[in-house]
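Under our numbering, the first residue of the sequence shown is numbered 4, with each subsequent residue one higher.
Here's the structure, in structure tokens; my notes come after.
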Amino acid sequence: MVQQNGNSEHPPDPDYFQTNPKPYNLDRQITLARSFIEQHAHANSRVALVTSGGTTVPLENQTVRFIDNFSAGTRGATSAEYFLEAGYAVIFLHRQFSLLPYSRHYSHSTNCFLDFMTYNDAGAVVVESEYQQEMAQVLSRYRKAKEENTLLLLPFTTVNEYLWLLRGLAMQMRPLGANGLFYLAAAVSDFFVPAERMVEHKIQSSEDFQEDLTNGNGAKAPAAHMEGKRLVIDLDPVPKFLKLLVDGWAPQSMIVSFKLETDPSLLAKKARYALEKYSHHLVIGNMLNTRKWEVLFVSADGGERWIRVPAARRSKSITSGNHEDVHLQEPAIEIESWIVPEVAKEHTMMIEKTKSKH
Ligand code: 9Z3
């Protein structure tokens, strides 16, 4: 049953969903998710909701300008493949046009996808021989996911779309109980422009066109406006959705969040802080510059451990100038191939614990 606001067992949803508009295609996306989840719940399979890519914060209703969050979608798309390999069905909630499972091997690459192609003697387009073997493997895994209907792709762009979708999907996943897993790799905006403070039209940079700064209802100061030649942006905090997810939307699922930092002295502290604040199961900390080589697992049982892929392929290069620039080549192993089995193992333990309670 869908949790209603005001239920005394759980904190009510904040005003957020009353005051920020439901995305026009939400119902269609939730309907797709419902039948996907029903199929896998019926088979008693595990379902992972993998979030991926960055959310945007539009500055105008008819959006020309927006603020973006860093994420190519590599963590999410790569992890989704390993979850599928581990037997999970995957709902892939991703930033539109960011990396996707399987196609990631050929999109966004330094090679254009046409560089993987050639002509055979008969003039037909075929895959270059050097890519044949790897592409055959990727293709077979992709086809298996399609045939078995184990991968559902759902796109978002704005933080508002993301939050509505996350809430809607969490409610649909409830019947899965402990078989549900949330793997929150998306880079979600911490600040946003609430609908009531969003201007309708493109903000004019020219002082000659700045007369109308109201948002139409005149009630609240617009979040972005020009002061002379300066653009001033004043953002609200995004509600702490992780708290809502853990306590209200998906209390029985396993919840894994990622913590992104750039200052190494803060990573462990901030990851532990998040875990204690939201009381979920696992925080995976990563640094912007080393995220493909190492991650820090911080668990609810107090444990902290680094997972590092072999350092043999690391190289240091000295740039001209006085400072040393650490240049990291692609790692030899995809770190997600180690992260995901660890997460799945912890998920198994959680499921066992839940079973033994009943
Ligand atoms: C991450 O930390 C992801 O691992 C990355 C992946 C965004 C670094 P890429 O897609 O990058 O491989 O290029 N995601 C979580 C980021 C985030 O917004 N976390 C919130 C926080 O740090 C908590 S949910 O406060």
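Heads up, the beta-carbon is just placed ideally off N, CA and C, and yes, glycines get one too.
Where do the N-terminal and C-terminal ends of the beta strand (DSSP E) with M257 fall, by residue?
On the sequence shown, position 254 is the one that residue 257 refers to. Element bounds for M257: M257 to E264.
Which first and last residues belong to the beta strand (DSSP E) in which D71 is found?
Position 68 of the sequence shown, counted from the start, is the residue given in the question as residue 71. Segment F69 to D71, the beta strand (DSSP E) holding D71.
Buried or exposed for F261, please, with buried defined as at least 16 other CB atoms from any protein chain shown within 10 angstroms of its CB.
Residue numbering aside, residue 261 sits at position 258 when the sequence shown is read from its first letter. Taking all protein chains shown into account, F261 has 16 or more neighbouring C-beta atoms within 10 Å of its C-beta and is therefore buried.
Which residue marks the beginning of the alpha helix (DSSP H) containing N163, and which one marks its end?
Counting from 1 along the sequence shown, the entry for residue 163 is found at position 160. It spans V162 to M176 - the alpha helix (DSSP H) in which N163 sits, taken as one unbroken run.
Taking the alpha carbon of Y134 as the reference point, which residue from A125, T121 and G305 has its own alpha carbon closest?
Reading the sequence shown from its first residue, position 131 is the one you call residue 134. Minimum Cα distance to Y134 is reached at T121.
Report yes if the CB atom of A226 is closer than 9 angstroms to the CB atom of L238, and no otherwise.
As a first step, residue 226 must be located in the sequence shown, where it is residue number 223. As a first step, residue 238 must be located in the sequence shown, where it is residue number 235. Yes, the pair counts as a contact, with Cβ atoms nearer than the cut-off.
Leaving out five residues on either side along the sequence, give the residues of the same chain with a beta carbon under 6 angstroms from the beta carbon of I236.
Counting from 1 along the sequence shown, the entry for residue 236 is found at position 233. Closer than 6 angstroms at Cβ, skipping near neighbours: A227.
The ligand 9Z3 heavy atom lying under 8 angstroms from the CB of D193:
By one-based count along the sequence shown, residue 193 stands at place 190. A heavy atom of the ligand 9Z3 is found nearer than 8 angstroms to the CB of D193.
To which residues does DSSP link K112 through a beta bridge?
Residue numbering aside, residue 112 sits at position 109 when the sequence shown is read from its first letter. The residue you asked about is not Lys; residue 112 is Ser in the sequence shown. DSSP lists no partner for S112.
Report the start-end ranges of each alpha helix (DSSP H) in the segment 13 to 66 that is 4 residues or longer and not cut off at the edges.
Within the segment 13 to 66, the complete alpha helix (DSSP H) segments at least 4 residues long are 19 to 22 and 29 to 45, listed from N- to C-terminus.
Count the other C-beta atoms from every protein chain shown that fall within 10 angstroms of the C-beta of Y165, then say buried if there are 16 or more, exposed otherwise.
Here residue 165 refers to the residue found at position 162 of the sequence shown. The residue is buried, with at least 16 neighbouring Cβ atoms inside 10 Å.
With respect to 8 angstroms, is the separation between the Cβ of N292 and the closest non-hydrogen atom of the ligand 9Z3 below this value?
As a position in the sequence shown, residue 292 is number 289, starting the count at 1. Outside the cutoff, so no.
Can R275 be considered in contact with the ligand 9Z3, in the sense that its beta carbon sits closer than 8 angstroms to one or more heavy atoms?
For the purposes of this step, residue 275 is taken as the residue at position 272 of the sequence shown. No, since every heavy atom of the ligand 9Z3 falls outside the 8 angstroms radius drawn around the Cβ of R275.
Which residues in the same chain as R68 place their Cβ atom closer than 6 angstroms to its Cβ, once the five residues preceding and following it in sequence are excluded?
As a first step, residue 68 must be located in the sequence shown, where it is residue number 65. So the qualifying residues of the chain are L62.
Taking the Cβ atom as the reference point for each residue, do L52 and F185 lie within a distance shorter than 9 angstroms?
Counted from its first residue, the sequence shown places residue 52 at position 49. Counted from its first residue, the sequence shown places residue 185 at position 182. Their beta carbons are under 9 angstroms apart, which means L52 touches F185 by this criterion.
Cβ of V60 within 9 angstroms of Cβ of F194?
As a working mapping, residue 60 is identified with position 57 in the sequence shown. As a working mapping, residue 194 is identified with position 191 in the sequence shown. Yes; because the gap between Cβ atoms is below 9 angstroms, this pair is in contact.
With respect to 8 angstroms, is the separation between the Cβ of N163 and the closest non-hydrogen atom of the ligand 9Z3 below this value?
Taking the first residue of the sequence shown as position 1, residue 163 is located at position 160. No, the beta carbon of N163 sits no closer than 8 angstroms to any heavy atom of the ligand 9Z3.
Count the other CB atoms, across all protein chains shown, that sit within 10 Å of the CB of N325; report buried if there are 16 or more and exposed otherwise.
Taking the first residue of the sequence shown as 1, we reach residue 325 at position 322. With a pLDDT of 39 at N325, under the threshold of 50, the modelled position of that residue is not reliable, and no figure is offered here.
Classify L278: buried if its beta carbon has 16 or more other beta carbons within 10 angstroms, exposed otherwise.
Residue mapping note: residue 278 aligns to position 275 of the sequence shown, counting from 1. Burial call: buried.
Beta-carbon contacts of K223 that lie in its chain and below 6 angstroms, excluding the five residues immediately before and after
Numbered from 1 along the sequence shown, position 220 holds the residue referred to as residue 223. Excluding sequence neighbours, K223 sits near E199 and R200.
With burial defined as no fewer than 16 other Cβ atoms inside 10 Å of the residue's Cβ, what is the status of A46: buried or exposed?
As a working mapping, residue 46 is identified with position 43 in the sequence shown. By the 10 Å Cβ count, A46 comes out exposed.
Per DSSP, what kind of secondary structure is G251 in: helix, strand or coil?
Here residue 251 refers to the residue found at position 248 of the sequence shown. If DSSP states are grouped into helix, strand and coil, G251 belongs with the helices.
Let me confirm a value: N292 is counted as buried when at least 16 other C-beta atoms fall within 10 Å, else exposed. Which label applies?
If you number the sequence shown from 1, residue 292 lands on position 289. Counting C-beta atoms within 10 angstroms of its own C-beta, N292 has fewer than 16 neighbours from the protein chains shown and is therefore classed as exposed.
Give the DSSP bridge partners of E297, in chain order.
If you number the sequence shown from 1, residue 297 lands on position 294. The secondary-structure analysis by DSSP pairs E297 across a beta bridge with R311.
Below 6 angstroms CB to CB, which residues in the same chain sit around T58 once its five sequence neighbours on both sides are set aside?
Taking the first residue of the sequence shown as 1, we reach residue 58 at position 55. Taking C-beta separations shorter than 6 angstroms and ignoring five residues to either side along the sequence, the partners of T58 in its chain run N72, V162, Y165, V191 and S192, following chain order.
M352 (DSSP reduced to helix, strand or coil):
Sequence index remark: in the sequence shown, residue 352 carries index 349 (1-based). In this structure, M352 counts as helix in the three-state DSSP scheme.
Could you please give me the residues that DSSP links to T121 through a beta bridge?
Residue mapping note: residue 121 aligns to position 118 of the sequence shown, counting from 1. Its beta-bridge partners are V129.
Same chain only: Cβ atoms within 8 angstroms of T22, ignoring 5 sequence neighbours per side
Looking up residue 22 in the sequence shown gives position 19. Take T22, set aside five residues on each side of it, and the residues of its chain with a beta-carbon closer than 8 angstroms to its own are P197, A198 and E199, in chain order.
Could you check whether the segment 339 to 350 touches the segment 82 to 100, counting it as contact only if at least three pairs of C-beta atoms, one from each stretch, sit closer than 8 angstroms?
Contact holds between the segment 339 to 350 and the segment 82 to 100, because three or more Cβ pairs, one in each stretch, are under 8 angstroms apart.
Note down the Cα distance separating A274 from V301, rounded to an integer number of angstroms.
Here the question's residue 274 lines up with position 271 in the sequence shown. Here the question's residue 301 lines up with position 298 in the sequence shown. Straight-line spacing of the CA atoms in A274 and V301 works out to 7 angstroms.
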